[in-house]
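Read in order, the letters of the sequence shown are residues 1 to 389 in the working numbering.
Quick reminder that beta carbons are idealized off the backbone N, C-alpha and C, glycines included.
Here the structure is a predicted model, which is why all the values come from computation and not from measurement.
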Amino acid sequence: MARFTLPRDLYYGPGAIDELKNLKGHKKAIIVTGGSSMKRGGFLQKVEDVLHSVDIETQLFEGVEPDPSIETVFKGAKAMQEFEPDIIVSIGGGSPIDAAKAMWVFYEYPDKTFEDIKDPFTMPKLRTKAIFVAIPSTSGTATEVTAFSVITDYSNNVKYPLADFEITPDVAILDTDIPLTMPKKLTAHTGMDALTHAIEAYVATARSPFSDPLALQAISDIYDSLVDSYNGSEEARGKMHMAQCLAGMAFSNALLGIAHSIAHKTGAEFDIPHGCCNAILLPFVIQYNSKVCMERYAQIARYLGLPGYTDKQLTDSLVASIKELNKKLDIKQTYTENGVTKEHLEQKIDFIAEQAVGDPCTASNPRPIDVENMKKVITCAFTGEDVTF
1 MARFTLPRDL YYGPGAIDEL KNLKGHKKAI IVTGGSSMKR GGFLQKVEDV LHSVDIETQL
61 FEGVEPDPSI ETVFKGAKAM QEFEPDIIVS IGGGSPIDAA KAMWVFYEYP DKTFEDIKDP
121 FTMPKLRTKA IFVAIPSTSG TATEVTAFSV ITDYSNNVKY PLADFEITPD VAILDTDIPL
181 TMPKKLTAHT GMDALTHAIE AYVATARSPF SDPLALQAIS DIYDSLVDSY NGSEEARGKM
241 HMAQCLAGMA FSNALLGIAH SIAHKTGAEF DIPHGCCNAI LLPFVIQYNS KVCMERYAQI
301 ARYLGLPGYT DKQLTDSLVA SIKELNKKLD IKQTYTENGV TKEHLEQKID FIAEQAVGDP
361 CTASNPRPID VENMKKVITC AFTGEDVTF
């Protein structure tokens with residue numbers, strides 16, 4: 001038996017933050033955010049104003065860093081334990097929402113440790129104290145509709161993807177006014193993260209008749225909108241905000257693959273944004289996986305109207321189109337071009353490959369992989385050589 005899980009409610013469109021008024025009847029909301037950009041744009045104040053209008057007391061927990069740490073998670077959980085909210089609202093990019101999801105677990109279960117929840121699908125039942133509302137500001141992570149949270153252990157520079165349907169938000173609010181404020185580079189990186197989510201979901205071992213249409217629609221909409229969104233089109237920004245959410249619905253249920261496994265480990269080690277890592281890795285991972293699921297990649301290419309007659313020609317067209325998309329978004333295609341030295345790679349590649357093989361996303365990759373082949377894929381992403389093994 002399989003499962004397909006989404007938030008209970010999803011509100012979307014311009015000004016969708018106003019729908020927070022539907023939480024009337026609750027008493028206290030803690031608002032978790034990175035802070036500065038949401039405050040500058042007035043969105044944080046709007047969240048507070050709407051909640052206050054229905055007599056909900058609020059408290060802010062600000063300053064969640066990019067790639068949130070275990071320490072920040074426990075600090076936020078402590079703030080929740082002291083305030084005792086019955087709603088957790090997180091607004092911002094993937095980092096504050098991911099952090100708030102983990103805080104939620106330790107708010108409801110103060111005696112748990114990070115080790116207790118690190119393995120996939122080992123979390124206790126939530127919602128004994130609070131429900132969770134997510135308001136994304138970027139168009140990429142889709143954490144507002146997923147069962148995932150990525151937390152960084154800076155003691156060993158490793159990102160841990162927590163996974164459990166318990167941390168799927170209860171309410172997602174896609175206010176399309178918010179992503180209009182995104183800088184160009186962030187638009188590019190988050191957009192390629194969303195594309196990687198959709199493509200990996202379409203070939204993942206847990207894919208289903210429910211996830212496939214979401215993944216394909218997301219891929220098509222991202223191809224239609226990402227470059228225009230990067231270049232400042234407000235209409236395209238709104239469409240990308242929807243597309244990344246469709247991708248999230250797909251991968252939260254179908255799961256992901258080794259592009260994410262490697263990105264989780266190289267992003268922290270090489271100090272490269274997660275979406276940029278996925279943009280680098282995606283063509284090489286497609287080449288690796290095509291040995292076992294070429295027909296799936298060919299279906300994506302056909303859906304996009306890319307050239308080719310055979311499955312191989314179509315898959316090659318898909319790889320070429322992703323590289324061309326990276327070029328239009330000013331994303332350099334290899335780790336070398338993104339500043340990673342040969343010495344740094346050689347020093348860390350064994351550790352990175354071992355960690356990537358053990359990453360939860362590896363289990364749903366369509367083609368099995370061991371440490372030696374993982375090292376080869378990473379090396380190809382470093383040099384730019386095609387994956388042919």
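Name the one or two DSSP bridge partners that residue i has.
| i | result |
| --- | --- |
| V13 | The amino acid at residue 13 is misidentified as Val; the sequence shows Gly. Paired residues: D175. |
| I31 | L60, V89 |
| I151 | Y160 |
| K24 | H26 |
Determine the direct distance from the alpha carbon of residue j to that of residue i, and round the result to whole angstroms.
| i | j | result |
| --- | --- | --- |
| S37 | P66 | 13 Å |
| D119 | A163 | 8 Å |
| G76 | F83 | 11 Å |
| D175 | A198 | 21 Å |
| V73 | H264 | 18 Å |
| L195 | L23 | 32 Å |
| P368 | V47 | 45 Å |
| L180 | E234 | 6 Å |
| S206 | D55 | One detail in the question is off: residue 206 reads as Ala in this sequence, not Ser. Roughly 43 Å between the two C-alpha positions. |
| K27 | F148 | 27 Å |
| G238 | Y11 | 14 Å |
| S344 | D49 | The question names Ser, yet the displayed sequence has His at residue 344. Straight-line Cα distance between these residues: approximately 49 Å. |
| S95 | H189 | 14 Å |
| Q59 | R8 | 24 Å |
| K185 | Y107 | 34 Å |
| K395 | D193 | Absent from the structure is residue 395, since the part of the chain shown begins at 1 and ends at 389. |
| M249 | L6 | 7 Å |
| G13 | V145 | 16 Å |
| P307 | L314 | 6 Å |
| D170 | V133 | 6 Å |
| Y109 | I173 | 26 Å |
Restricting to Cα atoms, I'd like to know which of the options is closest to residue i.
| i | options | result |
| --- | --- | --- |
| S155 | E324, A134, E71, P120 | E71 |
| S321 | I88, V133, G305, D271 | G305 |
| C380 | Q355, S364, C361, E337 | E337 |
| I222 | A201, T181, S139, E346 | S139 |
| I331 | T187, A147, A142, L23 | T187 |
| C293 | I31, E115, K312, P209 | K312 |
| S261 | D271, N278, C245 | N278 |
| M1 | K348, S208, R127 | S208 |
| V319 | I178, Y297, H344 | Y297 |
| M182 | H241, Y107, I349 | H241 |
| Q287 | Y303, A259, G275, D271 | A259 |
| G384 | N373, Y335, Y303, Q347 | Y335 |
| A130 | F114, Q81, S95, G339 | Q81 |
| A215 | A29, L60, I300 | I300 |
| K21 | G41, I87, E62 | I87 |
| H274 | G63, G191, A16 | G191 |
| F382 | F351, E346, D370 | E346 |
| L325 | F114, I280, K78, G339 | I280 |
| D359 | V150, K112, Y109, A16 | V150 |
| T143 | F114, I97, E115 | I97 |
| I178 | N373, D316, A16 | A16 |
So, for residue i: in the same chain, excluding its five sequence neighbours on each side, which residues have a beta-carbon less than 8 Å away from its beta-carbon?
| i | result |
| --- | --- |
| T152 | D67, P68, S69, I70, V158, K159, Y160, A268 |
| G257 | E200, V203, A204, V285, N289, C361, T362, S364, N365, P366 |
| I349 | K375, I378, T379 |
Does DSSP put residue i in a helix, in a strand, or in coil?
| i | result |
| --- | --- |
| G275 | helix |
| P96 | helix |
| I300 | helix |
| S225 | helix |
| S69 | strand |
| P213 | helix |
| V133 | strand |
| R367 | coil |
| V340 | coil |
| T125 | This sequence places Lys at residue 125; Thr is not what is there. It is coil, neither helix nor strand. |
| E235 | helix |
| Q244 | helix |
| R207 | coil |
| Y309 | coil |
| A2 | coil |
| L51 | helix |
To which residues of the same chain is residue i closer than 6 Å at the C-beta, ignoring the five residues directly before and after it?
| i | result |
| --- | --- |
| A218 | A198, A243, L246, A247 |
| N253 | F4, S211 |
| E166 | M123, L126 |
| S225 | A236, K239, M240 |
| E295 | D311 |
| V227 | K328 |
| P85 | K28, A29, I30, A130 |
Counting only the same chain and skipping the five closest in sequence on each side, list residues whose C-beta sits under 7 Å from that of residue i.
| i | result |
| --- | --- |
| K291 | R367 |
| I91 | I31, T33, M38, F43, L44, V47, I135, S137 |
| Q355 | V158, K265 |
| P442 | Since the first residue shown for the chain is 1 and the last is 389, residue 442 is missing from the structure and cannot be characterised. |
| I352 | K265, T266, E269, I378 |
Just checking residue i against the ligand FMN - is the residue's beta carbon closer than 7 Å to any of the ligand's heavy atoms?
| i | result |
| --- | --- |
| L20 | This structure lacks the ligand FMN, and indeed carries no ligand of any kind. |
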